[in-house]
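Reviewing the structure listed below.
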Amino acid sequence: MTTDHTTPIECAWDIDGLRLTGLEWGPADGVPVLALHGWMDHGDSFAELAPRLTGCRVIALDLSGQGHSAHRAAHATYNIWDDLPQIAGVLNQLGWDRCVMLGHSRGANISALFAAALPERVSAFIALDSIATEPTGDDFVTTLRAFVTQTRMQLDRSGGRRFDSMDDYIARRTRQGNSTATATALAPRAVAVDGDGVRLTADMRLFASSAMKLTEEDVNAVLRAIKCPVLNIWAKDGIKAHRPKLQALAARAPDLITDYTTVELPGDHHFHMRPDVAAQMAPVIDAFLTRHAIA
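Quick note: the sequence shown uses numbering that gives the first Met the number 0, first residue 0, plus one each step.
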């Protein structure tokens, strides 16, 4: 497995009135892999892992409202299922009938929904430090109220979140739990120069509550509906370590998913962005695809 870090190709698609962007690595005839990033990240979060997946054509999408992709219309929303029609549209424009879904965190949760809803379009699902959205017992009306009030508040904020400098943005992410290396790597595609400072390019509505959240029954149904082989790679010091509901979900996954493999690798939630961990992760993914004759 090579460790060369090739420069990705910038990609863009016009889907349903949205300009979506992404990054591409690998040969044009490689195994098609659609990579979906986590919350407030972007496609370049796969810059360490994607070039190591030799034999794969990896398209790392900037999900709507993040990276260089456009914001959704003012009346639209950012529930985790809202991206699914546009993801199908990207696959159509790429000419991919089926692909491997590679998702990290929120991107894994979205990938799980896509694999469950459209199993005929997913040949394999690789989930990094998540497997599906955590089930919640929150009161529906309380969640709905939070969605309305928080969405309205974010819409009324003008100009997005601003920082005095790139270093200020990086410091903010590190205070929120990211390593300095992760925050530094994410910064260039996450902010834009704004006067004498920088501005977060992400849509502020991504900070708002979802309109509703999935119950345990809903999440179980999603995992049961996934028909393709699943490789679930957890970070040793990732989110599962301090989220009991996610621990319980991971424990149930082997009984809910027909073909399920789980692996643990060192690192924190953004472990796939570390060169040393990406070098360990890539052969695990490669072996999984080979074992299931996905080529």
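Beta carbons are placed, not taken as given, at the ideal position from N, Cα and C, and that holds for glycine.
- Bounds of the beta strand (DSSP E) holding Glu263 are Tyr259 to Leu264.
- For Trp12, the closest of Leu93, Thr53, Gly64 and Ala170 by C-alpha to C-alpha distance is Leu93.
- For the pair Leu62 and Ala34, the CB atoms are not nearer than the 8 Å cut-off.
- The C-beta separation of Phe162 from Val190 comes to about 7 Å, placing the pair in contact by the 8 Å criterion.
- Within the same chain, Thr181 come within 6 Å of His269 by CB-CB distance, once the 5 residues on both sides are set aside.
- Counting other Cβ atoms within 10 Å of its Cβ, Pro50 reaches 16 or more and is therefore classed as buried.
- Using a Cβ distance threshold of 8 Å, Thr150 and Ala72 do not count as a contacting pair.
- Scanning Val89, Arg223, Asp15 and Leu205 for the CA closest to the CA of Met152 turns up Leu205.
- Our two residues, Ala249 and Phe124, have alpha carbons roughly 15 Å apart in a direct line.
- Within the region 115 to 186, the complete beta strand (DSSP E) runs of at least 3 residues fall at 121 to 127.
- In this structure, the alpha-carbon of Pro274 lies about 6 Å from that of Glu47.
- Note on Gly21: 16 or more other CB atoms within 10 angstroms of its CB, so buried under the neighbour-count rule.
- Inclusion of Val99 and Ser122 in the CB contact set at 8 Å is warranted, their separation being smaller than that value.
- The beta carbon of Asp82 is closer than 7 Å to those of Leu62, Ser63 and Ile109 in its chain, skipping five residues each way along the sequence.
- Closest in alpha carbon position to Arg198, among Thr5, Gln65 and Val57, is Gln65.
- Going by DSSP, Ile8 is part of the beta strand (DSSP E) stretching over Ile8 to Ile14.
- Rounded to whole angstroms, the separation of the alpha carbons of Ala247 and Val221 is 15 Å.
- Going by DSSP, Thr53 is part of no alpha helix (DSSP H) at all; its letter is neither H nor E.
- When rounded, the separation of the alpha-carbon atoms in Asp195 and Tyr168 is 13 Å.
- Contact between Lys239 and Gly266 is absent: CB atoms are separated by about 13 Å, not below the 8 Å threshold.
- With a cutoff of 8 Å on beta-carbon distance, Leu143 and Gly102 are scored as not near each other.
- Of the residues assessed, Phe287 falls on the buried side of the cut-off, its CB having 16 or more other CB atoms within 10 angstroms.
- The distance from the Cβ of Ala69 to that of Leu17 is about 5 Å, consistent with a contact at the 8 Å cut-off.
- Around the CB of Gly106, 16 or more other CB atoms lie within 10 Å, so the residue is classed as buried.
- In the three-state scheme derived from DSSP, where H, G and I count as helix and E and B as strand, Asp81 is classed as coil.
- Around Thr260, the same chain offers Leu230 as residues with beta carbons nearer than 6 Å, after the five sequence neighbours per side are excluded.
- For secondary structure counted as the beta strand (DSSP E) over 3 or more consecutive residues, the region 222 to 263 holds these complete runs in sequence order: 229 to 234.
- Closest option to Ile284, judged by alpha-carbon separation, among Gly42, Val30 and Pro26: Val30.
- Asn91 counts as exposed, since fewer than 16 other beta carbons sit within 10 angstroms of its beta carbon.
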